[in-house]
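Chains as they are written, first to last, in numbering that gives the first Met the number 0: chain X, 0 to 246; chain L, 0 to 246; chain Y, 0 to 246.
Note that beta-carbon positions come from the ideal geometry of N, C-alpha and C, so glycine has one too.
Accompanying notes for the structure given below.
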Amino acid sequence: MFQAKIKADFIRTVIDATAILVDEAKFKLTSDGIYGRTVDPAHVGMIDFKLDKEAFDEYECDEDTEIGVDLEKLKSILRIATGEETISFTYAKDEGRMTVNLGNLTRKLALLDVSEMADTKIPSLELPAEIGVPITEIWQAIRAAEAISDHIKLIADPESFQMIAEGDTDVVELKLTKDQLYTLKCGEKVKSMFPLDYLSDMIKIAKGKTDEGTLNLGNNFPLKLSLDMANGTIKIVYLLAPRIEAE
Amino acid sequence: MFQAKIKADFIRTVIDATAILVDEAKFKLTSDGIYGRTVDPAHVGMIDFKLDKEAFDEYECDEDTEIGVDLEKLKSILRIATGEETISFTYAKDEGRMTVNLGNLTRKLALLDVSEMADTKIPSLELPAEIGVPITEIWQAIRAAEAISDHIKLIADPESFQMIAEGDTDVVELKLTKDQLYTLKCGEKVKSMFPLDYLSDMIKIAKGKTDEGTLNLGNNFPLKLSLDMANGTIKIVYLLAPRIEAE
Amino acid sequence: MFQAKIKADFIRTVIDATAILVDEAKFKLTSDGIYGRTVDPAHVGMIDFKLDKEAFDEYECDEDTEIGVDLEKLKSILRIATGEETISFTYAKDEGRMTVNLGNLTRKLALLDVSEMADTKIPSLELPAEIGVPITEIWQAIRAAEAISDHIKLIADPESFQMIAEGDTDVVELKLTKDQLYTLKCGEKVKSMFPLDYLSDMIKIAKGKTDEGTLNLGNNFPLKLSLDMANGTIKIVYLLAPRIEAE
């Protein structure tokens with residue numbers, strides 16, 4: 000038996016965070032919280048989140064269970080709740096539907112067959128640079144870059160972090176020195192290029208929910224973006240594949 | 000001679016309430032206020048409103064008169080006024096146009112030929128159940144239901160009121176017990192099903208303007224929704240035809 | 000060398016004001032501020048603005064220079080700034096790009112070849128009537144008029160100012176008497192008709208930024224609309240060609 004009650008905004012955060020990559024996802028309900036690991040169909044972006052049981056007002060899970068969720072359907076019920084309203088979930092393992100309660104309103108949500116849904120394995124990556132970045136400035140840089148390009152270079156060196164997008168004639172550049180960053184651990188210069196659309200969606204999830212994100216970067220390697228929200232009870236890790244830079 | 004001055008929001012309420020059903024409507028100007036009765040072309044929804052002369056800042060009507068109004072045209076001038084601004088109407092029986100004043104701005108609004116517009120007769124209905132419902136919760140249920148179906152069942156019994164929508168796999172249900180309702184007068188269980196689009200439009204009119212609506216229901220019978228707004232000076236009654244439930 | 004720092008809202012005002020007429024414009028950078036004179040491709044509307052150096056937080060311009068700007072590109076970077084954020088511009092005459100800074104973000108903006116862009120000559124007009132109009136009421140009249148027509152008559156006489164739009168059946172009229180206007184200098188009655196779309200765009204620029212606009216009118220002559228904003232450090236003058244009225 001799974002029974003849980005949570006502020007609508009908290010569950011919305013992990014659902015929205017997953018929905019930028021896929022329409023359907025498999026979640027794991029466990030005694031210490033909900034886990035979700037999903038890769039998008041193009042295998043460019045990946046999410047690995049944990050919604051800790053501490054994020055919930057009430058939480059009970061007798062037995063580890065996997066459920067398959069149509070994210071758009073779940074979003075349609077979350078959309079109705081105001082951010083501060085709490086929403087309850089009840090699920091018994093043998094049922095094909097999860098019961099979602101919002102006040103006196105009940106939605107019986109059909110679940111998807113998880114046997115058809117592949118497990119997502121998170122690759123283990125050695126990423127030499129770690130940068131604690133201010134989300135607001137990263138977001139401004141991404142919006143400025145979107146006007147002129149569809150990809151962006153991320154560069155870290157021991158003294159600074161840079162984002163550079165180049166259009167046919169124009170350039171957008173954000174440069175943050177060590178003292179303008181939360182943290183900067185970088186032995187030698189690393190540089191990778193990423194698709195702006197995915198990165199924009201990922202940073203948008205953090206906007207307004209946390210001031211800081213942690214980036215891990217390598218040389219022409221995927222990036223890892225770690226976001227801690229709701230006092231650390233929501234942990235989202237995104238991986239994003241690099242684009243090969245044309246020389 | 001008809002001369003009247005009213006807060007823009009009040010006249011907007013009855014015009015918007017009528018415009019969910021028709022593009023053109025016939026209104027009756029009388030010494031105690033304005034009446035409008037209209038049925039939509041598909042004969043599914045019907046409105047019967049009274050805008051009492053007490054709702055007006057100034058009101059004068061020498062002689063009962065019927066006018067035909069192009070609602071979109073009237074809305075285009077109402078849209079310009081802020082909610083608290085007052086708007087004045089002047090109409091002399093032999094003129095083909097009504098004069099609408101908003102501050103120093105004058106709009107001469109051509110009226111429609113009422114001789115071409117049929118009278119709407121309000122059927123007299125015996126509806127055994129009466130339920131005083133909270134508009135906010137009804138609205139949440141309608142929005143949740145719209146995600147999965149295009150019709151909804153309304154059920155009253157002596158102890159509770161329910162709204163149930165069924166999709167292919169999902170269900171939305173609102174259950175309000177007697178103590179969660181403003182009133183509940185119901186001898187024996189009644190049930191009727193209604194088109195969600197019409198019901199949604201009708202409840203939307205009430206949203207933010209009144210906390211309570213009164214529903215009258217029968218068994219596979221039309222519903223009657225009565226809304227009292229602006230301290231009872233605006234009374235709107237909607238009738239909505241049922242859908243036959245496929246067994 | 001040109002170097003300047005300004006509140007984002009101020010530069011946005013003159014860019015938006017020009018962008019209602021053209022996609023690309025030539026601006027003149029001088030020691031006492033920035034000038035822009037542009038006519039739209041149809042030669043119906045014309046703008047002549049000055050953004051005084053007093054509007055800037057910092058301003059330095061060694062040598063008069065003309066630059067060609069893709070307005071949509073510049074707007075894409077201005078869009079990212081909040082109204083109160085300051086934005087910096089740096090330009091050295093021999094460079095093909097202007098550097099725009101917003102916090103730690105840098106946009107290198109490619110400029111256009113001014114040798115291909117014609118000078119705009121502002122015609123000298125003798126306009127006998129001058130009317131100081133309240134922008135809010137003019138804006139309401141324009142919105143009301145747009146619902147019924149695509150042009151509007153402006154009429155001044157020694158005692159009042161009027162705007163009249165006539166549809167097939169409806170009329171919109173704004174009448175402001177001398178005491179409802181900021182100023183009214185008018186020897187004898189003048190009347191001209193103008194296209195609503197241009198006039199609407201021009202008045203919209205002023206809305207919320209200044210209470211008053213000054214109109215100069217003649218008989219079947221262009222109008223001149225003068226707008227003073229930001230304590231007189233932004234001066235915008237629009238000229239608008241009349242429409243010939245069908246008798």
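Tell me which residues share the same chain as residue i and place their Cβ nearer than 7 Å to its Cβ, disregarding the 5 neighbours each side in the sequence.
i, result
"alanine 24/X", "Thr17, Gly35, Thr37, Val68 and Leu70"
"lysine 4/X", "Phe55, Asp56, Glu57, Thr85 and Ser87"
"lysine 52/X", "Asp31, Gly32 and Tyr58"
"alanine 140/Y", "Met162, Val171 and Leu173"
"aspartate 227/L", "Thr209 and Lys234"
For the candidate residues the options, whose alpha-carbon lies nearest to that of residue i?
i, options, result
"isoleucine 204/X", "Tyr237/X, Ile86/X and Gln2/X", "Tyr237/X"
"leucine 224/L", "Glu244/L, Tyr197/L and Leu101/L", "Tyr197/L"
"leucine 50/X", "Asp39/X, Ser30/X, Glu125/X and Pro40/X", "Ser30/X"
"proline 127/Y", "Pro221/Y, Glu59/Y and Ile19/Y", "Pro221/Y"
"valine 99/Y", "Leu20/Y, Ile141/Y and Leu77/Y", "Leu77/Y"
"glutamine 179/X", "Lys208/X, Arg242/X and Ile137/X", "Ile137/X"
"phenylalanine 160/Y", "Ala240/L, Ile151/L and Leu104/L", "Leu104/L"
"isoleucine 10/Y", "Leu73/Y, Leu173/Y and Phe193/Y", "Leu73/Y"
"leucine 183/Y", "Lys174/Y, Asp156/Y and Pro241/Y", "Asp156/Y"
"serine 114/L", "Glu65/L, Met201/L and Ala229/L", "Glu65/L"
"alanine 143/L", "Asp169/L, Ser191/L, Ala80/L and Ile79/L", "Asp169/L"
"asparagine 215/Y", "Phe26/Y, Pro241/Y and Ala140/Y", "Pro241/Y"
"methionine 192/Y", "Glu244/Y, Leu175/Y and Ile141/Y", "Glu244/Y"
"leucine 110/X", "Glu187/X, Val43/X, Phe26/X and Glu145/X", "Phe26/X"
"leucine 239/X", "Ile202/X, Lys92/X and Lys188/X", "Ile202/X"
"aspartate 61/X", "Ile79/X, Lys92/X and Ala80/X", "Lys92/X"
"proline 133/Y", "Gly186/Y, Thr209/Y and Leu20/Y", "Thr209/Y"
"methionine 0/X", "Leu20/X, Leu28/X, Asp39/X and Met228/X", "Leu28/X"
"alanine 247/Y", "Asp22/Y, Glu94/Y and Gly207/Y", "Outside the displayed span of chain Y (0 to 246) sits residue 247/Y, for which this structure offers no information."
"methionine 199/L", "Cys185/L, Ile151/L, Asn219/L and Asp227/L", "Checking the displayed sequence, the identity of residue 199/L turns out to be serine instead of methionine. Checked all of Cys185/L, Ile151/L, Asn219/L and Asp227/L; the closest Cα to serine 199/L is Ile151/L."
"glycine 186/X", "Pro122/X, Pro40/X, Glu129/X and Ala41/X", "Glu129/X"
"alanine 164/X", "Ala164/Y, Leu108/Y and Asp63/Y", "Leu108/Y"
"aspartate 112/Y", "Asp39/Y, Glu94/Y, Glu158/Y and Val21/Y", "Glu94/Y"
"isoleucine 121/X", "Asp22/X, Gly231/X and Asp39/X", "Asp39/X"
Can you list, in chain order, the residues of its chain whose CB lies under 6 Å from that of residue i, leaving out five sequence neighbours each side?
i, result
"tyrosine 181/L", "Gly131 and Glu211"
"glutamine 2/X", "Glu59 and Thr89"
"aspartate 149/L", "Leu195"
"glycine 166/L", "Ile147 and Ser148"
"isoleucine 154/X", "Gln161 and Lys190"
"lysine 250/Y", "The displayed coordinates of chain Y run from 0 to 246. Any statement about residue 250/Y would go beyond what the structure contains."
"methionine 116/Y", "Lys25 and Gly67"
"alanine 80/L", "Ala7, Ile86 and Leu101"
"leucine 175/X", "Phe160"
"threonine 213/Y", "Gly131 and Ser225"
"asparagine 219/L", "Ser191 and Pro241"
"glutamate 260/L", "Nothing can be reported for residue 260/L: it is not among the residues displayed for chain L, which extend from 0 to 246."
"isoleucine 19/Y", "Asp200"
Under the assumption that residue i contacts residue j (Cβ atoms under 8 Å), give the Cβ distance between them as a whole number of angstroms.
i, j, result
"glycine 82/X", "alanine 7/X", "6 Å"
"methionine 45/Y", "threonine 119/Y", "7 Å"
"valine 171/X", "arginine 106/Y", "5 Å"
Spatial neighbours of residue i within its chain, please: CB distance less than 8 Å, with the 5 preceding and 5 following residues excluded, ordered by chain position.
i, result
"glutamate 125/L", "Gly217"
"valine 13/X", "Ile33, Gly35, Phe48, Leu50, Ile233 and Ile235"
"valine 43/X", "Pro194, Tyr197, Leu239 and Ala240"
"aspartate 15/Y", "Lys74 and Ile204"
* Could you name the residues of the segment 106-120 of chain X whose beta carbon sits closer than 8 Å to any beta carbon of chain L, in the order they occur along the chain? => Arg106, Lys107, Leu108 and Ala109
* To do: Mind checking the segment 150-169 of chain L against chain X and listing, in chain order, the residues whose C-beta falls within less than 7 Å of any C-beta there?
  => Thr168 and Asp169
* To do: Let me know the alpha helix (DSSP H) ranges lying completely inside the segment 50-98 of chain L, each 4 residues or longer, listed in chain order.
  => 70-77
* To do: Check distances from the C-beta atoms of the segment 166-192 of chain Y to those of chain L and list, in chain order, the residues that come in under 9 Å.
  => Gly166, Asp167, Thr168, Asp169, Val170, Val171, Glu172, Leu173, Lys174, Leu175, Thr176 and Gln179
* Output the residue ranges of the alpha helix (DSSP H) runs that lie fully inside the segment 106-155 of chain L and measure 4 residues or longer, sorted by chain position. => 134-145
* What residues in the segment 46-74 of chain X have a beta carbon less than 8 Å from any beta carbon of chain L? -> Lys72
* To do: Could you list the residues in the segment 136-149 of chain X with a C-beta less than 7 Å from some C-beta on chain Y, going in chain order?
  => Glu136, Gln139, Ala140, Arg142, Ala143 and Ala146
* Within the segment 179-221 of chain Y, ranges of the alpha helix (DSSP H) (whole runs, at least 4 residues) -> 195-205
* Asked: If you measure beta-carbon to beta-carbon, which residues of the segment 214-226 of chain X are closer than 7 Å to chain L?
  -> none
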